[in-house]
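The structure under discussion appears below in the form of structure tokens.
Residue numbers (our numbering), protein chains in the order written: chain W, 855 to 1201; chain U, 855 to 1201.
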């Protein structure tokens, strides 16, 4: 089979169609669950609505895109409904993780709107309900996050064993990464290696590598594992460094979430961990019990050129990894383009 | 086939062996995960340890017992490893729900020890870690609860579709029930019908009916559904009324959790909802913005004979339901005995 006949527009059209199907699947499941639980009591639909409003608030749909791209690049049949199930499931896992993340980080804004726990705490306070507003708001976010993950599980229940294996790894890793992230921040641990592992595990791996591997597993192509892994790990690091740059220097209205919070919360981001490893001054500053946020920001700002070069190098290595993958050139180009989008985005 | 040859000791021995296998499965999974994540960093094992210590703290193992009993009563093969997987999975779901429940209810004690969120908040405070101790403690409980549910999912991944169907219903229902419980308490809703639904959904159904149905589904016996459902719903109500009685009048050292908290937190328990439905005085008291806990306790105390009679009637109806089930008499006797244990326990 040659690739001359398939041009980039055609493969993009196919991918867009699968992604639309995934969105539809997601919308149908949530609408069905809404109808079901509001039939018991209108309050029963609140956790479903909380999931739905975060899903509907947009988001980059990065994970479904990598899952479907991995699948199609691996030669999977676009008509097979399983890939849409997996792609929508992965978005729901992400939704659940965000709902919990904002509680764990006490982050007030998400996708340009008040975070779910903040919104529900406000409703509680406004209506003068009993008990503590914070506990109620965080409770709704907790339950809604779990619900999103259960729905994700339901969507992916029928996946073949190899794909479920990837799935199980991914969802466990997110939780452990989440805990390590919280613990390292609380203890103020300066451990660049550990911070790198957390960044890989919590963000890069679950945003890029696992979705790609899930797609390859669905298409029955374990031979793509090592190339996709290499591409994913490099791009995952680039993704996380960009995320940290946006978190430190971005425009919060563009990012849709608060900027500068990581440093305020003593969060040992990958960006900071790498800077501390390289720069004695940064190391001194982060070892103090109270952080001088302004001084740290200045030092990070000075090293921005170096960080951009590091991102460039990671994107290049991701490209080299793709060259080893036995996939059609048109998909190699697609994945290269996605690497650029991920590494050089502004939100 | 006659039942003369199988005496009660023999079936109990079989069930105990399956339950031991379920415990072993649970222990092995947790030990394996502990080793795996502590290999990354010792802190990575904290959520696994949090799950393990609650599992090891005992608990009644009610749900695994009903699952295995339902399975064996339905004629399932005791050697099939699937039933041990399902039984251990159900205990893990319960563990996760308890970890979250204690955060949602701000309950400080569980199984006679400080609740997980309290214990971890104390560690945070003692070691002078950064950030808020409460957020850290509740964060660990949140993540650990999610992890328990993910492990439960992993254990039950291989179940046949009919059993997964029951499973999916169960885990979703727990979350919606949990939210309704929180919401009704916050809003101070006096709605006996809704409170009854919550009690059935959140406790009775997931403690008794769903485990039994899961067992029957594993054994390929959908014909037992309606009898098990009727038995489970009646016994579930009795279970919940007993739970509420223990919560109101029990001995906290025996119960292993705080007593009197439900009323203090304006929780519309099934016990209270039924009392409010019957008794004008109770209705008046619960409609006030602040509850007179002592007066409510007195009124509930006066109606204890009536509540005990209601429990007796529910246990009897559960027994009648069993008479309709096409199961061996020896299992009918076992399930009758379990009904007595559940309905007349003191913890």
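Think of the CB as a built atom: it goes at the ideal place given N, C-alpha and C, for glycine as much as any other residue.
Please classify residue i: does DSSP put it in a helix, a strand, or coil?
i                       : result
residue 1143 of chain U : coil
residue 967 of chain W  : strand
residue 1183 of chain W : helix
residue 1100 of chain U : helix
residue 999 of chain U  : helix
residue 1048 of chain U : helix
residue 1080 of chain W : helix
residue 973 of chain W  : helix
residue 986 of chain U  : coil
residue 993 of chain W  : helix
residue 1198 of chain W : coil
residue 1042 of chain U : coil
residue 1121 of chain W : coil
residue 1010 of chain U : coil
residue 1178 of chain U : coil
residue 1074 of chain W : coil
residue 1116 of chain U : helix
residue 962 of chain U  : coil
residue 1061 of chain U : helix
residue 1133 of chain U : coil
residue 1190 of chain W : helix
residue 861 of chain W  : coil
residue 981 of chain W  : coil
residue 855 of chain U  : Residue placement at residue 855 of chain U is flagged as unreliable, the pLDDT there being 44, under the threshold of 50; the coordinate-derived value follows with that caveat. Three-state DSSP puts residue 855 of chain U in coil, outside helix and strand.
My assumption, with CB atoms under 8 Å, is that residue i sits in contact with residue j. Please give the rounded CB distance.
i                       : j                       : result
residue 867 of chain U  : residue 1073 of chain U : With 8 Å as the limit, residue 867 of chain U and residue 1073 of chain U do not qualify as a contact, their Cβ atoms being about 19 Å apart.
residue 884 of chain U  : residue 949 of chain U  : Between residue 949 of chain U and residue 884 of chain U the Cβ distance is about 10 Å, and since that is not below 8 Å, they are no contact.
residue 1043 of chain W : residue 1122 of chain W : 7 Å
residue 1006 of chain W : residue 947 of chain W  : 4 Å
residue 1168 of chain W : residue 1092 of chain W : 4 Å
residue 1089 of chain W : residue 1062 of chain W : 5 Å
residue 1024 of chain U : residue 1064 of chain U : 4 Å
residue 1060 of chain U : residue 1087 of chain U : Actually they do not touch by this definition, with Cβ atoms about 12 Å apart.
residue 1199 of chain W : residue 1096 of chain W : 6 Å
residue 1012 of chain U : residue 1039 of chain W : Not really, about 37 Å apart at Cβ, beyond 8 Å.
residue 1124 of chain W : residue 1050 of chain W : 6 Å
Leaving out five residues on either side along the sequence, give the residues of the same chain with a beta carbon under 6 Å from the beta carbon of residue i.
i                       : result
residue 1151 of chain U : none
residue 901 of chain U  : 997, 998 and 1001
residue 1009 of chain U : 939, 942 and 943
residue 888 of chain U  : 899 and 902
residue 1136 of chain U : 1129, 1130 and 1153
residue 1126 of chain W : none
residue 1081 of chain W : 1175, 1178 and 1179
residue 879 of chain W  : 938 and 942
residue 932 of chain W  : 868 and 872
residue 1071 of chain W : 1016, 1017 and 1020
residue 953 of chain W  : 970, 995, 998 and 999
Near residue i, which residues of its chain fall below 8 Å by C-beta distance, leaving aside the five closest residues on each side in sequence?
i                       : result
residue 856 of chain U  : In this predicted model, residue 856 of chain U has a pLDDT of only 47, less than 50, meaning its place in the structure is not dependable enough to derive any value.
residue 896 of chain U  : none
residue 923 of chain U  : 869, 1066, 1069, 1185, 1188, 1189 and 1192
residue 994 of chain U  : 900, 901, 904, 970, 971 and 974
residue 1157 of chain W : 1129, 1132 and 1133
residue 968 of chain W  : 962 and 976
residue 875 of chain W  : 935 and 938
Excluding the five sequence neighbours on either side, which residues of its own chain have a C-beta within less than 7 Å of the C-beta of residue i, listed in chain order?
i                       : result
residue 1084 of chain U : 1175
residue 913 of chain W  : 965
residue 972 of chain W  : 962 and 991
residue 1163 of chain U : none
residue 1056 of chain U : 1028, 1031, 1032 and 1035
Point to revise | Contact residues within the segment 1021-1038 of chain U, judged by C-beta distance below 7 Å to chain W | key: 1022, 1025, 1026, 1029, 1030, 1032, 1033, 1034, 1036 and 1037
Review point. In chain order, which continuous runs of the alpha helix (DSSP H) of length 4 or greater are located wholly inside the segment 890-959 of chain U?
Key: 900-910, 916-927 and 935-958
Exercise for review: Select from the segment 880-907 of chain U all residues with a C-beta closer than 7 Å to any C-beta belonging to chain W, and list them in chain order.
Suggested key: 891, 894, 895, 897, 898, 900 and 901
Exercise for review: Anything in the segment 988-1011 of chain W with a Cβ closer than 9 Å to a Cβ of chain U? List those residues in chain order, please.
Suggested key: 989, 990, 992, 993, 994, 996, 997, 998, 999, 1000, 1001, 1003, 1004, 1005, 1007, 1008 and 1011
**Study point:** the segment 1114-1125 of chain W: positions lying closer than 8 Å to chain U by Cβ
**Key:** 1119 and 1120
Exercise for review: Quick one: which residues of the segment 959-991 of chain W get their C-beta closer than 7 Å to a C-beta of chain U? List them in chain order.
Suggested key: 960, 978, 983, 984, 985, 989 and 990
Exercise for review: Could you run through the segment 938-949 of chain W and flag, in chain order, every residue whose CB is less than 7 Å away from some CB of chain U?
Suggested key: none
Exercise for review: Please name the residues in the segment 1071-1094 of chain W whose beta-carbon is closer than 9 Å to at least one beta-carbon of chain U, in chain order.
Suggested key: none
Review point. Between the segment 1042-1060 of chain W and chain U, which residues of the former have CB atoms less than 7 Å from a CB of the latter, in chain order?
Key: 1042, 1048 and 1051
Exercise for review: Compile a chain-ordered list of the residues in the segment 1124-1154 of chain U whose CB is closer than 7 Å to at least one CB of chain W.
Suggested key: none
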